[in-house]
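Colleague: Just passing along the structure, written as structure tokens.
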């Protein structure tokens, strides 16, 4: 990203190492669980391999960001306090990068912005299905469009958000039914 990776690089982290830290933020896992978590996060976009993940785990352990515990003949990995601090720092960096991206988006010429919004609403839900959807949508400032084009874009946005809200409602119902 625009400097995010560079600033995170002061910890000597590769993108894969950072993704592993994010996965371990959820809970302790053994290696294959981490690989499955990463596969789940990235779907058909990226296929994590054991030859990438296990060496990354060893480097994270050497940096003091991850600790290993042997349980039932499996090595379980978890974040150290320093690892938690790095994840927190990276999250704060990411927030500032999102702000930069929104401003960058607003600087783009109108036709390019429109193309990006249409693609986001058309493809977004398919790409983010399974709970991995964005918590934001592109700004809907398109007064420069004619009435019909604005209506088409707003309808795409409405359908996209409706799908997200239905997904959230389903998850709430699932959790509430488990409490009973």
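In the numbering used here, the protein residues as written are 80 to 259. Note that the Cβ used here is the ideal one computed from N, Cα and C, for glycine as well.
Counting Cβ pairs, one atom from each stretch, are 3 or more of them under 8 Å apart for the segment 95-110 and the segment 142-158?
Modeller: Enough Cβ pairs lie closer than 8 Å, so yes.
Colleague: Just to confirm the assignment, what range does the alpha helix (DSSP H) spanning residue 129 have?
Modeller: Per DSSP, residue 129 belongs to the alpha helix (DSSP H) from 129-141.
Colleague: Taking only three categories from DSSP, how would you classify residue 146?
Modeller: Strand at residue 146.
Colleague: Nearest to residue 128 by CA position, among 229, 142 and 112, is which residue?
Modeller: Residue 128 has its Cα closest to that of 112, out of 229, 142 and 112.
Colleague: Which word fits residue 124, buried or exposed, when buried means at least 16 other C-beta atoms lie within 10 angstroms of its C-beta?
Modeller: Exposed is the call here.
Colleague: In the DSSP assignment, find the unbroken alpha helix (DSSP H) run with residue 116 in it and report its ends.
Modeller: That run of the alpha helix (DSSP H) goes 110-121.
Colleague: Decide if residue 114 is buried, meaning its Cβ has at least 16 other Cβ atoms within 10 Å, or exposed.
Modeller: Label assigned to residue 114: buried.
Colleague: Can you grab the Cα-Cα spacing for the pair residue 122 / residue 229, in whole Å?
Modeller: Going by the C-alpha atoms only, they are around 32 Å apart.
Colleague: So, for residue 250: in the same chain, excluding its five sequence neighbours on each side, which residues have a beta-carbon less than 6 Å away from its beta-carbon?
Modeller: The answer is none, since no qualifying residue turns up.
Colleague: Please identify the residue among 151, 162 and 234 whose C-alpha is closest to the C-alpha of residue 144.
Modeller: Checking every option, the nearest Cα to that of residue 144 belongs to 162.
Colleague: Rounding to the nearest angstrom, what Cα-Cα distance links residue 180 and residue 151 in this structure?
Modeller: Computed Cα separation, rounded: 45 Å.
Colleague: Using 9 Å as the threshold, is the C-beta distance between residue 92 and residue 165 below it?
Modeller: Yes.
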